[in-house]
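Peer 1: Protein chains in written order, with numbering that gives the first Met the number 0: chain S, 0 to 453; chain P, 0 to 306; chain U, 0 to 212.
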Amino acid sequence: MSTSGQVQNRGQDQGRAWVLRRVRPLGGEPVDVLLADGVIAAWRPAGSTGPDSEGLPPGTTILDADGLILLPGLVDLHTHLREPGREDAETVESGTRAAALGGYTSVFAMANTNPVADTAGVVEQVYRLGIDAGHCDVRPVGAVTVGLGGQRLAELGAMAGSAAGVRVFSDDGHCVSDAQLMRRALEYVKAFDGVVAQHAEEPRLTEGAQMNEGVVAARLGLPGWPAVAEEAIIARDGLLAGHVDSRLHICHVSTAGSVEILRWAKAKGWRVTAEVTPHHLLLTDDLASGYDPVFKVNPPLRTAADVAALRAGLADGTIDCVATDHAPHAAQDKETEWAAARPGMLGLETALSVVIETMVVGGRLDWAGVADRMALAPARIGGLKSPAADASGSVAVGAPATLTLLDPSPWRVVDPQALASRSRNTPYAGRSLPGSVRATFLRGRPTALDGKIV
Amino acid sequence: MKRHLLSTEDLGRDDALLVLDTAERMARVAEASVRKLPTLRGRTVVNLFFEDSTRTRTSFEVAAKRLSADVINFSARGSSVSKGESLKDTAQTLEAMGADAVVCRHPASGAPHRLASWVRGSVVNAGDGTHEHPTQALLDAFTMRRRLGRIEGLRVTIVGDVLHSRVARSNVWLLATLGASVTVVAPPTLLPLGVSSWPVEVSYNLDAVLPKSDVVMMLRVQRERMSAAFFPTEREYSRRYGLDVDRAANLPEHALVMHPGPMVRGMEIASQVADSARSTVVEQVANGVSVRMAVLYLLLGGSGEVV
Amino acid sequence: MAAAAPGDPVSRRPGAARTVLSADDITRIVSRMAHQILEKTTGGAGVVLLGIPTRGVPLAHRLVRRVHAVEGVDLPVGSLDPTMYRDDLRLRGVRPLEVTEIPDGGVDGKVVILVDDVLFSGRTVRAALDALAAYGRPRAVQLAVLVDRGHRELPIRADYVGKNMPTSRRELVAVRLREVDGGDGVLILPPTSGPTSPSGPTSTDEPSGRDQQ
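(1) Could you check whether L74(U) and L58(U) sit closer than 7 Å to each other, using their CB atoms as the reference points?
(2) Could you pull out every residue in the same chain whose Cβ sits closer than 7 Å to the Cβ of S393(S), ignoring the five residues on either side in sequence?
(3) At a CB distance below 9 Å, what residues from the stretch 90-113 of chain U approach chain P? Give them in sequence order.
(4) Per DSSP, H325(S) is paired with what?
(5) Using a Cβ cut-off of 7 Å, pull out every chain U residue sitting near A27(P), in sequence order please.
(6) If you drop the 5 nearest sequence neighbours on each side, which residues of the same chain put their C-beta closer than 8 Å to that of A98(P)?
(7) Assign M0(P) to one of two classes, buried (16 or more other C-beta atoms within 10 Å of its C-beta) or exposed (fewer than that).
(8) Give me the chain U residues within the contact set of A140(P), using Cβ-Cβ distance strictly less than 7 Å, ordered along the chain.
(9) What residue range is occupied by the uninterrupted alpha helix (DSSP H) comprising S212(P)?
(10) According to the Cβ coordinates, are V98(U) and L297(P) closer than 7 Å?
(11) Within the same chain, show all residues whose beta-carbon is closer than 8 Å to that of E154(S), passing over the 5 residues directly before and after it, in chain order.
(12) Quick check for students: name the residue ranges of the beta strand (DSSP E) that lie wholly in the stretch 4-54 of chain P, counting only runs of 3 or more.
(13) Cα-Cα, which of P37(P), F48(P), V161(P) and S85(P) is closest to A63(P)?
(14) Please find out if some non-hydrogen atom of the ligand FMN comes closer than 6 Å to the beta-carbon of L177(P).
(15) Check for me: the alpha helix (DSSP H) holding P277(S) runs from which residue to which?
(16) My output table needs one value for N286(P): the three-state DSSP class, helix, strand or coil.
(17) Taking C-beta to C-beta, are N308(P) and L17(P) nearer than 7 Å?
(18) If distances are taken between C-alpha atoms only, which option among L25(S), L418(S), P24(S) and V106(S) comes closest to D324(S)?
(19) Would you list the one or two residues that DSSP bridges to D301(U)?
(20) By the 10 Å Cβ neighbour count, where 16 or more other Cβ atoms means buried, how is V305(P) classified, buried or exposed?
(21) Going along the chain, which residues of its own chain have a beta-carbon closer than 7 Å to the beta-carbon of A139(U), five neighbours each way excluded?
(22) Ignore the nearest five residues each way along the sequence and tell me which others in R383(P)'s own chain have a CB closer than 7 Å to its CB.
(23) Does DSSP put W410(S) in a helix, in a strand, or in coil?
(24) Tell me, please, whether the CB atom of K347(P) is closer than 7 Å to any CB atom in chain S?
(25) Considering only DSSP beta bridges, list what C103(P) is partnered with.
(26) Is W269(S) helix, strand or coil when you go by DSSP?
(27) Enumerate, from N- to C-terminal direction, the unbroken alpha helix (DSSP H) stretches of 4 or more residues contained entirely within the stretch 217-268 of chain S.
(28) Report the residues of the stretch 277-299 of chain P with a CB closer than 9 Å to any CB of chain U, ordered along the chain.
(29) Can you name, in chain order, every residue of its own chain whose Cβ lies under 8 Å from the Cβ of M262(P), other than the five neighbours on each side?
(30) Whole-angstrom Cβ separation of Q197(S) and D244(S), contact assumed at under 8 Å?
(31) What residues in its chain sit with their C-beta under 7 Å from that of M181(S), if we drop five residues either side in the sequence?
(32) Taking only the alpha-carbon atoms, compute the straight-line gap between V76(U) and D87(U) and give it to the nearest angstrom.
(33) For R54(U) versus I187(U), is the C-beta spacing smaller than 7 Å?
(34) Identify the residues that DSSP records as bridge partners of E131(P): which are they?
(35) Which residue wins for smallest C-alpha separation from Q331(S), given the options V360(S), A311(S), D291(S) and T302(S)?
(36) Strictly below 8 Å CB to CB, what residues from chain P border D129(U)?
Have a look at this one:
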C-alpha cells in the first residue's frame, strides 16, 4: 500500500514527538507514553516525563493525559462516504473528518456510490480522495456484482490488484441473494484472500418492508421486515462458506436469531465473521412510533430482546466487531414521510460512546475488549496489516502510533448541528452519551485534538 | 381534545365520548333541517388528499361547509405534489395559506404525523396508508350507538383484510377504549404478525363467531392481494370469509352489518345482505358528516388551546 | 367549593363570596316572573319557553310549573343551545355543545320567551336569537332572566328581570340551582376566587363563563 502521499504531505507533523503523560493504556496502570517516528517509542513511569526530561526529540509536545485511556486507532469496516455521486450528503473529506473526530484511523468505504465502486477506476478514485483528505486511511470496498445488480460478478481481481488493494467486497444495501452467484463470489475471492461482506436480506421477504416486523409495526401499519429474512441468508451463506471453505463476513447483524446461527456456524469451524452496529446495540423499534425517519435504517431497529442478544454476542465474540454503517443522508431524504425516506443513520462520531454505554458501562467488555472489537478484529477481517497480535500489543512499545485517546468520564448531549458530517441524520440527537475522544493519532500524527481536526 | 386527530389509539375515553356526544348534537341540528351554522365562519379547512377518495373528501367538505368554514380542496392530482413536491414543501404552502385545519389523506402510514410537526393548524387524519382512519372508526361507533344504544359490552366482529386495513386498526383501538369486545376474523395471511398484542380475540372461523356478534364489520378486500398469495382465489375467500345470505342468517336478530365502503359486492358481502335492514351502509354516510362536523368543531371551535 | 349556604350570615370580608339571593328569594322571584309572563302575554296564549343551557333550562321549567299552578295552563318548554352561533368562540377553549330541544309545534308564529340565569354582555342572547331563527319565525321573542348584572355590550334588554344586581365587571355572579348544583342561591364571588374548581357546585353566569369577556 502506498503511503508516500501522506508522508510527503504531512512530513513536518510526522516528525513531531508526543508524550502522553499519565495515560492508561487499555485502561491499565498510568504511564507516560512517548510517540516518535510514527511509533510508540517508549513507556516511562507515570508522571516522570517533563519538558526537560532526557531523551525527548526536539519539539516534543507533552499532553496531560491523566485519566485518559489509550486505545489502538479505531477501524470501521462499514462506512458510507457517498462520494462519488451524493456529495450533498457526504464527501470523502467530510466523512473522514467525522471518522477522525470519532477516534477512527481507518474506514472501509462502501461500494454503493454513483458510479458504483465496481471497477478498479472507481476504487482508486475513492482511495486517492482519502489520501488527499488525510484525516484517516480510506479502504474502498468493491462491489460483488456489476452495478450492485446481483446478476454478474464485478471484476473483483482487478479491484484487488489496483492501487486501492481491495480485500473486502460487498453489495451492501443489496443482498447477493442468488445462491449460486454468492457461492462463486465466495470461492473467487480466495485467490487474493478477499472476503465477501454480505448484506443479509432475503429480498422476497422484505418487499416494501419499512421496519421490524412485530408488535410495533402492526400498530403503526408499516410493512414488516421479518427477522427471518436476515437469518435465512446468514444460515445459507454460512453453509456455503463452510462448503467452499471461504471467508464470509456478515454485515450489521440485527437479530437474536442471527447471533444463534453465527454461534453455530463458528462452532463448525467455518470462517465466518460478523459485525454489529452501534445503533442495533442501543436503539429499539418502538422509536418508530413518531414516524420520524431518522429512526429508519436497514436492517431495521429491532426489539429489546434482540438488543440484549447482540450485546451478549459481541461480548462473547460470536459477533467479532462493531461497524458503524455510517449512512449520511441529505435533509430532503429524511424530512419526509416514513416510507419515502431513505434508510440509514450517522454513526462515526458517536460509535465509541454508544459502545461505552452499551458494553463497558454494564461490564460486558473491558477496554482491551473494546480495542479488539473496534480496532483489531475489524482490521483483521478487512485484511489490514495487523498492528499487533493482541490488544496489549497494539499499545506496546514498537506498535504504530495509530491511536485513540479517550476520556471515558464526561457525558455529552449529542447536537446534530455540531457534527462534522455533512448530514444531520443522527438518531441520538438530544441523547446523553458517555465518553469523549480527546485525540486521534495516525502513524504518530494527530488527526483530531480536543474535538477539532488537526 | 388534543390539537390534532391523528389516531384513535391515543384518543382517550373522555375525548372519544365527547366526539360522539357532539356528533349527536350535530345530527340533531341537521335533522331539524338547519343546513348551515355560522360556527366556523372565517376558519379555513384544507382537504389535502394524496389519494382519490371522493367519499371521504366530500364528507369532510360538507361537514366544514355546514359549519361555514372556508374549504380549499388540495388534491395531489394535477398539483405540484404530483410533480414531486415534498410533503414538507406542501405543508409550508398550506401554512402560507393560513390553514386552520388540514384534513390529510395519504398513502404513506404516518404522513399526517409528519405534517402535524410542520404546520401550526390542526391536522385531521383522513386515512394514512395502512395505519389509521380515525373519523371512520368514530362514525362507525356513532352508528353503533345510535342503532344499539350503547357501545360498552357490544361484541363486534371485524372481518377481512385486517393487515392492510386502517379502518380495522382505528376501530380496534376505539372500540376497546369504549368497552366493546372485538374479534377479528381473517385468513392468517391477512392478520399482522403483532396482532397478539392487540386488545382483540382472533379467529379464523367466521361461522363460529357470527352467532355471538352484535355487530359484524366487513372490510374491503382488494383483488390484487390474490396475486401476492394472501389467498388463492376470490371464490375461496368468499366461501370462507364472505358474508353471504346464509351466513348472515346466523347473526342474532338485532345484529348490524357494517361496511366502510367501497364494497366489493359478491366477494366480501352479498348484495342482499348489504341492502338488508341490518345494514348501516347508507346511514354511515350521513353519520360521517355529523362526526366530522363534531371533530372540526372540537378542534377549531375554541381558541386552539387544549382544554 | 365551600360557598355560603342560603340563610348563612352574609359575609362582607373582602375576598369572600357573599350570598345575595337565598333559596326562598329565588322561589319568590320565579313566582313573580311567572305572574308577569301571564300578565304580559294575556294568559300565556301562544307562548313557548326556551331555556338557554345550562341553568336557563331548569329556570324555564320552574316558570312553566308556576304558570301551571297559577293558571292551570301548560306552556310548551324546551331548550336552545346558542353555542354554535357565538361570535366569541375563538376567545377561549372549545365549549361542549348542549341540547337544543324545540317543543312539538315549533316556534313559527309563537311568542318565544328565552330564559337564562344571568344577563351580562348580551352576547349569549344575540347568539340565541340567531340560533332561534334557524328553527323558524316566531311572532315575537321576549327575554326572561333571573339576574341582570349590567355591563351590556349590545342593545339588548330583558322583558322579565328577577333581580337587578349592580356588580363590578370583574366580579363573578354565580347562580346555583338545585337541578344542577344541588341547592338554590345566588352568590357574588370576588374576581380572584372564581369558580376554578370544575367540579364545584357553583356556576358563574354559566358553566364555561359564557358572558365573561
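Just so you know, even glycine gets a beta-carbon here, dropped at the ideal spot from N, CA and C.
Peer 2: In brief:
(1) No; because the gap between Cβ atoms is not below 7 Å, this pair is not in contact.
(2) For S393(S), where only same-chain residues beyond five positions count, the Cβ hits under 7 Å are P71, A370, A374, L375, P386 and A387.
(3) L90, R91, G92, V93, R94, P95, L96, E97, V98, T99, E100 and I101
(4) Residue pairing from DSSP places H325(S) in a beta bridge opposite T78(S) and M344(S).
(5) It should be noted that the sequence gives Arg, not Ala, for residue 27(P). Those within 7 Å of R27(P) in chain U are T99.
(6) T43, V44, V45, I71, V118 and G120
(7) Counting C-beta atoms within 10 angstroms of its own C-beta, M0(P) has 16 or more neighbours from the protein chains shown and is therefore classed as buried.
(8) Against A140(P), chain U offers no close residue; the least beta-carbon distance is about 18 Å (beta-carbon pairs closer than 7 Å).
(9) Run containing S212(P): none; DSSP gives neither H nor E here.
(10) no
(11) D117, T118 and A119
(12) 43-48
(13) P37(P)
(14) Looking at this structure, you won't find the ligand FMN or any other ligand, since it has none at all.
(15) P277 to L281
(16) helix
(17) Past the boundaries of the shown model lies residue 308(P); chain P is included only from 0 to 306, so the question cannot be answered.
(18) V106(S)
(19) Past the edges of chain U, shown from 0 to 212, lies residue 301(U), and the structure says nothing about it.
(20) Because the pLDDT at V305(P) is just 38, under 50, the model does not fix this residue reliably, and the value given afterwards should be weighed accordingly. That one is exposed.
(21) V110
(22) Since the displayed chain P opens at 0 and closes at 306, residue 383(P) lies outside it and no answer follows.
(23) strand
(24) The structure shown does not extend to residue 347(P), since chain P is modelled only from 0 to 306, so the question has no answer here.
(25) L47(P) and N124(P)
(26) coil
(27) 226-243 and 255-266
(28) A293, Y296, L297, L298 and L299
(29) M217, R219, I268, A273 and V280
(30) Not confirmed; about 17 Å, so no contact.
(31) V175, D236 and L239
(32) 27 Å
(33) no
(34) E131(P) pairs with D127(P).
(35) D291(S)
(36) P37
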